[in-house]
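Working notes for the structure below.
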Amino acid sequence: MYTKNKDLKQLGVMIAAVLIITITFAAQASAEDEPEISVRAPDWTTTAFDAVIKMEYVDDGIKDMEGEFDLSFDADVVSVVSVTGKKIKTKVVSIEWDFVEGSDNMKIHINFIIPDDTSTRTYGDFVEIRFNLVGDVGEESLLDISGGSLAYKDGTPVSAKWTDDTVSIGSFDVTVNAPEYIPTDTFDADIDITDVEDLESGGFELSFNSSVVNVTAVESGKISGNEMPVEMWCFNEHNTIRVLFNLPGTKGVSGSGTLATVTFAVIGEDGDSSVLDVDTYQSEHFTNTETDRLPINWIDANVTFDSAARSPPSETDTYVYVKNLDDDKLTGFLFIDGNFIIDKDVSSGSTKKYSNYKLLEGLHDF
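In this text, residue positions in the sequence shown follow the working numbering: the first is 1, and each later residue adds one.
Written out as structure tokens, the structure is:
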């Protein structure tokens with residue numbers, strides 16, 4: 001039954017609640033869509049690289065703007081070669097830059113002017129910085145953007161979030177793991193990867209001497225207990241296969257393990273050999289969860305058919321369990337033979353199954 005005073009009061013409460021929810025969502029959306037200027041560099045590299053400065057979420061468009069910022073870095077790891085303005089649509093961003101006095105060449109200052117344009121684009125790369133590597137493998141440098149200001153040429157300031165990035169020197173080994181001597185008419189070759197970080201997808205080619213061996217199957221591998229689904233494999237030529245893998249979702253995987261297992265049939269004669277040559281598959285580079293390309297160090301193998309050779313030790317499924325004897329919950333980091341595999345939380349007094357792994361028969365360090 002409708003009662004005027006009571007129902008109006010309830011209606012007022014409902015309207016107030018809706019307004020609060022609406023205002024809350026609007027505030028969240030506003031915070032998420034705040035103009036942002038960020039440094040975009042590869043996570044890992046072994047060669048000179050480009051870092052771009054990207055502008056996003058500028059609702060009124062990025063035309064007719066000007067500003068400045070500093071960029072700091074570790075000069076023992078990277079060094080600046082050049083700084084150039086990028087092209088936004090058809091017009092080039094005008095820049096001036098120099099090393100900051102007293103910074104020991106560890107900081108540069110950049111002024112930029114984005115030309116007027118009819119474009120209403122709300123994002124774009126507007127500065128590109130070329131770096132050389134001067135550090136060693138395993139070192140990293142923060143690319144720290146600071147002291148920034150941004151405004152339209154009529155003087156209207158634009159509040160923006162300034163976001164850094166980090167670049168590391170290094171690559172990831174992808175190795176063909178196969179027995180050196182083959183006494184039987186079939187064998188498996190694992191395509192292994194070591195200490196990868198946030199791997200999401202990729203592809204590779206595997207070439208071989210087709211008069212000695214031939215591929216009969218390709219199976220998915222496993223990294224840190226996570227299956228690496230083989231999305232597709234096929235023959236490119238009679239002596240080369242192509243393999244694509246892709247993890248579902250965007251979580252990625254880190255650690256060491258196997259990308260795929262390739263089964264070969266031996267069709268050659270005693271003493272015949274074949275190189276198993278692994279390499280990049282065209283544009284299907286290894287990428288991480290941020291779609292950055294991961295540098296790969298490809299390591300081949302050589303196999304020889306020798307009927308008198310001893311059979312290689314067989315691999316068996318090994319199940320790993322970890323028991324927490326401590327009074328508190330702990331995070332257990334599993335290493336097998338010195339290689340990091342996975343980490344999991346284990347409650348006090350409980351036992352957790354980490355996963356199962358294929359290991360050669362014999363002694364292993366855990």
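Glycine included, C-beta positions come from ideal geometry on N, C-alpha and C.
Within its own chain, the residues whose Cβ lies closer than 8 Å to the Cβ of VAL92, once the five positions on either side in sequence are excluded, are GLY85, LYS86, PRO115, listed in chain order.
Straight across, the Cα-Cα distance linking ASP43 with GLY271 is about 44 Å. Cβ-Cβ distances below 6 Å link ASN132 to ALA48, SER79, VAL81 in the same chain, with the five nearest sequence neighbours on each side left out; the list follows chain order. Using a Cβ distance threshold of 8 Å, ASP345 and LYS329 count as a contacting pair.
If you look at LEU71, you'll find it in the beta strand (DSSP E) that goes 65-72.
The straight-line gap separating the alpha-carbon atoms of HIS109 and LEU71 is approximately 7 Å. GLY268 and SER256 have their alpha carbons spaced roughly 33 Å apart. For ALA217, same chain residues with a beta-carbon under 8 Å away, outside a window of 5 residues either side, are VAL262, THR263 in chain order. With 16 or more other Cβ atoms inside 10 Å of its own Cβ, LYS107 counts as buried. The C-alpha of THR184 lies about 56 Å from the C-alpha of SER38.
GLY332 and GLY349 have their C-alpha atoms roughly 13 Å apart. For ALA75, the closest of PRO35, VAL134, TRP97 by C-alpha to C-alpha distance is VAL134. Taking GLY155 as reference, the option from VAL100, ASP98, TRP162, ASP64 with the minimal CA-CA separation is ASP64. By the Cβ test, the segment 146-163 is not in contact with the segment 228-239, since fewer than three Cβ pairs between them sit closer than 8 Å.
From the listed residues ASP300, PHE204, ALA160, ASN288, the smallest Cα separation to GLU34 is found for ALA160.
Between the segment 234-250 and the segment 292-310 there are fewer than three inter-stretch CB-CB distances shorter than 8 Å, so the stretches are not counted as touching. By the criterion of a C-beta distance shorter than 8 Å, SER347 is surrounded in its chain by ASN324, LYS329, once the five residues flanking it on both sides are discounted. Around the Cβ of PHE187, a 10 Å sphere holds 16 or more other Cβ atoms; the residue is buried. Excluding sequence positions up to five before and after THR289, its CB lies within less than 8 Å of the CB of ASP198, GLU200, THR250, LYS251, GLY252, all in the same chain and listed in chain order. DSSP lists GLY67, ILE95 as the bridge partner or partners of PHE112.
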